[in-house]
Amino acid sequence: MESLLGFGIFFVSFAGIYAILALGLNVQWGYTGLFNIGIAAFFAVGAYTAAILTTPESPNHLGGFGLPMIAGFVVAMLVAAVLALAIGLITLRLREDYLAIASIGLAEIVRLVLKNEEWLTNGTRGITAIPRPTSVTFFVIVAVAVLVTYWLVERARRSPWGRTVRAVREQEQAALAAGKNVVRFRLEAFVFGSALMGLAGALYAHFQGFVGPEAFEPMFGTFIVWVMLIAGGSGNNRGALVGAFLVWGLYAVTGFVATLVPPEFATQASAARVVLVGVLLIVVLLYRPEGLLPESRRVGPGPD
Amino acid sequence: MSLLALEDVRGGYGEVDVLNGVSLTVGEGEIVVVIGPNGAGKSTAMKAVTGLVNVRGGRIVFAGEDITGARTDAVARRRVCYVPQEKNVFPSLTVEENLEMGAYLRRDDFGRELAAVFDLFPPLKDKRRQPAGSLSGGQRQMVAMGRALMLQPRLLLLDEPTAGLSPKFREMIFERIQAINRTGVSVLLVEQNAREALGIAARGYVLVMGRNRHEGSGALLLADREVATMFLGG
Amino acid sequence: MNGAERSQSATPILVVDGIELRFGGIRALDGVNLEVGRGSITALIGPNGAGKTTLFGVIAGFLRPSRGRVVLGGEDVTGLAPPRLFARGLMRTFQIPAVYERMTVLDNLLMVPGPQAGENLLTAVFASRAVNREEKAFRERAERVIAFLDLAPVRDNYAGQLSGGQKKLLELGRVMMTDSKVVLLDEPGAGVNPTLMKKLTDSIRRLNAEWGYTFLIIEHDMDLVAALCDPVIVMAEGKVLAQGPMASVRANDAVREAYLGSRSVAERVVAGP
Amino acid sequence: MDIVQAILYGLILSSIFALGAVGVSLIFGILRFAHFAHGDMVTLGAYLALAVVTLGQVSVWLALPVAVLVTAGAAIAVDHVVYRRLRRTRPVILFLASVGVAFVLRNLVLGIWGPQNLVYEPGIKLPMQFAGLRLKIDQLVIIVASIALISGLALFLRMTKIGKAMRAMSDDPDLARVSGIDTDAVVRWTWVLGGALAATAGVFHALDTRLQPTLGWDLLLGFFAAAILGGIGRPMGAIAGALVIGLASELSTLFLPPVYRSAVAFVLMIAVLLIRPTGIFAEARR
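Chains as they are written, first to last, in the working numbering: chain A, 50 to 353; chain B, 16 to 249; chain C, 4 to 276; chain D, 636 to 921.
Written out as structure tokens, the structure is:
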């Protein structure tokens, strides 16, 4: 019973981190139509920033600041935001597919840096000894973070800002003709979403107590977040939450099944899990492209 | 029996209907012109014949066969050749390659048609190895019509072939249309230059709001006060 | 300024001076000169391909001319980006109505005024009171516009579901959400049924007379032009061919030539009227 | 001398980039979306050849044509099951679906062959030495064969009826239909060519390095960078793009750690986009 509760707390905490990633992506893709397939870059930068800032001194990597967790959260968001600003300034005035290519390139570069710049990140061995609260404390922290994030993005969506970024998504030319600075709105949405992804990274670092480059491979850093948002319902924040918990739940269940498989088939089992997620994405696109909870029609402040 | 008949055709792009009941016929060897204000559905009616538009009601019959909703390449296979108003050439293909694409469905030798097109439009001969995208508007129109002729069409569909052309070019295009027609090709023509078009046509139709408004011989329509009003406000 | 004073006004609000524009090898605009009088409803007519929409693109800052100037309210605005021109009181619509398909009619209207306090992300999230106050004013205006244009039944529908004519009305509604000085309408009458057309012309006339907007309108429907516009500017082949009241333009030989085509071919077959 | 050697290696990489980028560009021109699974199609081709080598006990050169055919068939099958049904939607949806396909393909390979490095034939081949330069026979074959294949493709697009139809459809799909071109057939041909070239690139790259489930993924950015530099949708431009990316990547190893090779391609592409958003080898149109 106790272990079941323990698993429940573990599961919800992990899913909560992905929920924040999915909400961040929703701001970018769901509201604004920005095709970011380099989520892993912002996730990883957030995680490593928090790790470096909060760990005790180590000869293996940059660090020794020993700052409190909250400082890690704030700086992680800032660093992710600055990175997004730089990439956004370059690509957001170009065609939409260029942001896709640039963001995935960024994710690859970040991964290469994490792997190879040992002075900074301790390379493939990763950063250990990141402060780890008890699982219950962490559960509370994640819960608060998810709620605050949800509140923020939902308020943004219902505001005139949310209305204008949707207009930018729908009809760039008309938005221009109505005097909207299209590039500025895109940039804001991109930076906002990326900062949330940085926060998710910082949470992840404290959740695991360890960060290494593998966690930020395209599958877990980017792709699964897309599946969550598309399956849940792009444009809808509740959809993003539902998608995150559902897809992560599915993944966790298959992970449990995989433990029953003899160890010599471990590779096959984990590959099969990813294939399953891929098939899920394709099936959703083919049969329910608007997701489980479609974008709601009524927006704007006031009673709803 | 007429070669082409549209019977109360309704339809349009996506969800919205542009055609609200268009009926017209083209007889064997005839030139028929469709005129009307912008947005009246002239081009859409023509595209409905080629299968590029969703037809939601009515019937389209060509040479006794129902071709409503047929695939676009299947319509071309019946030698119904369509020349769109804009984007009517393959810009990165050479003039000669554009003409070859017109003969795509033919398995026999089409050297004779190639020569005939160059006879009809002499300026193209010198430019045969140039990409069509580098040509002027008038020359593009010649390539576009030439492409359609390569298939030895039974019916030629021309969508505003003189739009944006200078008067000199316009006159020449209209003369060529008559020349093509004299070889036995039926022509359905959508035009803004109503007077010239009606001048060469056996019959004409006036469409308004996706419906037939008037029909009759070219001379009759030219003399009609309402038709005149539509184009010059009286 | 109201409609009664139109065309008599001494200083034109919009001046297009020697605009040239080339696409590839083709000269789409070949030295266009025209003036739009303050408070007028000016028509821009001409055969397809004459360069009318291209000229709109240049005036509204979507296209950069290779030569020439655009002067708005006495200031040279050539090459300014669309948002900057909007801020100076210029609004344009598109030939194919450019509505925000997956947004409601109301939201389509509400997004227009600007800059809005609530468009600042931080203000929007954290200072809701100021935003709400402003929003309330926009909503009232939007509701008036919806009532004016009889769009109430489709107020909460996605704009993508509207008919072509309703989209045209919505575009006009977006104009009404601004305090623009000059409005460029690209074929407001195309694809609009007669009932809506009347609504549309009435609206344009009232907006001109009561709200003080100046209109420059591309239109093919000559009934609409004759009923609504004065003066009429005729373009052909990238140039201005004639301008003046409808009657004088109609009588102009060059215009008849451009519109009806050269008489020679036609006259060989039938005698013209 | 180091520079000349780096250029030589750069040419090998360019050849492989060109084989992939031409496919990406062709698919973009005709199907109008960025095919994200192209890298994993490359991987699939490489491993299919391995399967033929191990099962049939034949040389990799005999296995190559089999791998090419099966990969082309797989590409058509995926199009039939997934992409065909999404053609009426927006390009991003197709792109996203191809991301799904990419992960499925890669993990099928991973599940079947495992994560370890594999080679077609065990043993070390010593490079030939001349004038202080090192080059293996295989590498020479890669360069020559790539040039031959791409010239062949160029001729195919220029001379054959279906090749011209492909260019026509890339220019204007509706006008192609109106001309009587069976656009479904053109789409099938596009996948055949794209798949065949991808499989070849995979076998070549595996010959030059080793087999690895992320082999194609690691090349994918290079394909896109080359295709974009060449002006996406213009297959022959992609060749020039591949040369630039391949050479720049190898030359960068002279002053940067080699692990950043792929990052160089990416940074270079971004730099070019800033200066000329349409790609350097694309003619300015419109």
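Ideal Cβ positions, reconstructed from N, Cα and C, are used throughout, including at glycine.
Cβ-based neighbour list, residue i, same chain, cut-off 6 Å, excluding 5 preceding and 5 following
{"i": "Thr-81(C)", "result": "Arg-72 and Val-73"}
{"i": "Leu-37(C)", "result": "Val-19, Ile-236 and Val-243"}
{"i": "Asn-85(A)", "result": "Gln-77 and Ser-152"}
{"i": "Gly-242(A)", "result": "Gly-73, Val-76 and Gln-77"}
Within chain D, the residues that residue i reaches when beta carbons sit closer than 8 Å
{"i": "Ile-331(A)", "result": "Val-717, Ala-732, Gly-735, Val-736 and Val-739"}
{"i": "Ala-320(A)", "result": "Asn-742, Leu-743, Leu-745 and Gly-746"}
{"i": "Leu-278(A)", "result": "Near Leu-278(A) there are no residues of chain D at all, since even the closest Cβ is about 10 Å away, more than 8 Å."}
{"i": "Asn-35(B)", "result": "In chain order: nothing, as chain D lies at least about 24 Å away."}
Nearest-angstrom Cα separation, counted from residue j out to residue i
{"i": "Pro-272(A)", "j": "Tyr-80(A)", "result": "One point to set straight first is that residue 272(A) is Phe, not Pro, in the sequence displayed. Whole-angstrom Cα-Cα distance: 19 Å."}
{"i": "Tyr-336(A)", "j": "Trp-78(A)", "result": "20 Å"}
{"i": "Tyr-97(A)", "j": "Ala-129(A)", "result": "11 Å"}
{"i": "Lys-760(D)", "j": "Val-754(D)", "result": "12 Å"}
{"i": "Gly-758(D)", "j": "Met-268(A)", "result": "34 Å"}
{"i": "Val-272(C)", "j": "Gly-214(B)", "result": "Note that Val-272(C) scores 36 on pLDDT, short of 50, meaning its location in the model is unreliable and no value can be drawn from it."}
{"i": "Lys-102(B)", "j": "Ala-301(A)", "result": "53 Å"}
{"i": "Ala-841(D)", "j": "Ala-780(D)", "result": "15 Å"}
{"i": "Ser-208(A)", "j": "Asn-285(A)", "result": "14 Å"}
{"i": "Val-333(A)", "j": "Gly-340(A)", "result": "7 Å"}
{"i": "Leu-775(D)", "j": "Ser-694(D)", "result": "17 Å"}
{"i": "Ala-250(C)", "j": "Leu-139(B)", "result": "42 Å"}
{"i": "Leu-235(B)", "j": "Asp-256(C)", "result": "23 Å"}
Any C-beta of chain A under 7 Å from that of residue i
{"i": "Arg-208(C)", "result": "no"}
{"i": "Val-727(D)", "result": "yes"}
{"i": "Leu-661(D)", "result": "no"}
{"i": "Glu-38(C)", "result": "no"}
{"i": "Ala-90(C)", "result": "yes"}
Contact set between residue i and chain C, taken where Cβ atoms lie within less than 7 Å
{"i": "Asn-230(A)", "result": "Pro-86"}
{"i": "Ala-216(A)", "result": "Tyr-103, Met-106 and Met-114"}
Interface partners of residue i on chain C, CB under 9 Å
{"i": "Thr-213(A)", "result": "Met-114, Gly-117, Gln-119, Gly-121 and Glu-122"}
7 Å Cβ cutoff, residue i in contact with chain C
{"i": "Ala-297(B)", "result": "Past the edges of chain B, shown from 16 to 249, lies residue 297(B), and the structure says nothing about it."}
{"i": "Glu-219(A)", "result": "yes"}
Under 7 Å from the C-beta of residue i: neighbouring residues of chain A
{"i": "Arg-932(D)", "result": "As displayed, chain D neither begins before 636 nor continues past 921, which places residue 932(D) out of reach and without an answer."}
{"i": "Pro-750(D)", "result": "Thr-316"}
8 Å Cβ cut-off: residues of chain A touching residue i
{"i": "Ala-127(C)", "result": "Arg-204, Ala-205, Ser-208, Pro-209, Trp-210 and Gly-211"}
Cut-off 8 Å between Cβ atoms - residues of its own chain near residue i, not counting five sequence neighbours on either side
{"i": "Ala-120(A)", "result": "Leu-102 and Thr-103"}
{"i": "Trp-748(D)", "result": "Tyr-682, Leu-685, Leu-846 and Pro-848"}
{"i": "Leu-740(D)", "result": "Ala-672, Asp-675, Met-676, Thr-678 and Leu-679"}
{"i": "Thr-109(B)", "result": "Arg-143, Arg-144, Gln-145, Pro-146 and Ala-147"}
{"i": "Asn-5(C)", "result": "At Asn-5(C), the pLDDT of 44 sits below 50, so the modelled position is not reliable; the number obtained from the coordinates is stated separately. Same-chain partners within the cutoff: Gly-42, Ala-212, Glu-213 and Gly-215."}
Residue i at chain D interface by Cβ criterion, 7 Å
{"i": "Phe-84(A)", "result": "yes"}
{"i": "Ala-135(A)", "result": "no"}
{"i": "Gly-154(A)", "result": "yes"}
{"i": "Ser-107(B)", "result": "yes"}
{"i": "Met-116(B)", "result": "yes"}
{"i": "Leu-39(B)", "result": "no"}
{"i": "Arg-94(B)", "result": "no"}
Residues near residue i in its chain [Cβ-Cβ closer than 7 Å; skip 5 each side]
{"i": "Leu-83(A)", "result": "Gln-77, Leu-148, Arg-235, Ala-238 and Phe-239"}
{"i": "Ala-883(D)", "result": "Val-899, Ala-900 and Leu-903"}
{"i": "Glu-106(A)", "result": "Gly-112 and Gly-113"}
{"i": "Ala-46(C)", "result": "Ile-220, Glu-222, Val-228, Cys-232, Val-235 and Ile-236"}
{"i": "Val-33(B)", "result": "Gly-27, Gly-56, Thr-59 and Gly-225"}
{"i": "Lys-62(B)", "result": "Val-68"}
Chain D residues whose Cβ lies nearer than 7 Å to that of residue i
{"i": "Arg-185(B)", "result": "In chain order: nothing, as chain D lies at least about 23 Å away."}
{"i": "Tyr-28(B)", "result": "The contacting residues do not exist; Tyr-28(B) stays about 12 Å from chain D at best."}
Chain B within 7 Å of residue i, Cβ atoms only
{"i": "Arg-802(D)", "result": "yes"}
{"i": "Lys-922(D)", "result": "In this structure chain D extends from 636 to 921, so residue 922(D) is not present and cannot be described."}
- Completely contained alpha helix (DSSP H) runs for the segment 839-864 of chain D, where each covers 4 or more residues: If we require 4 residues or more, the alpha helix (DSSP H) runs fully inside the segment 839-864 of chain D come out as 850-864.
- Message: Restricting to runs no shorter than 4 residues, where is the alpha helix (DSSP H) found entirely within the segment 105-148 of chain A?
- Response: The qualifying runs are 118-140.
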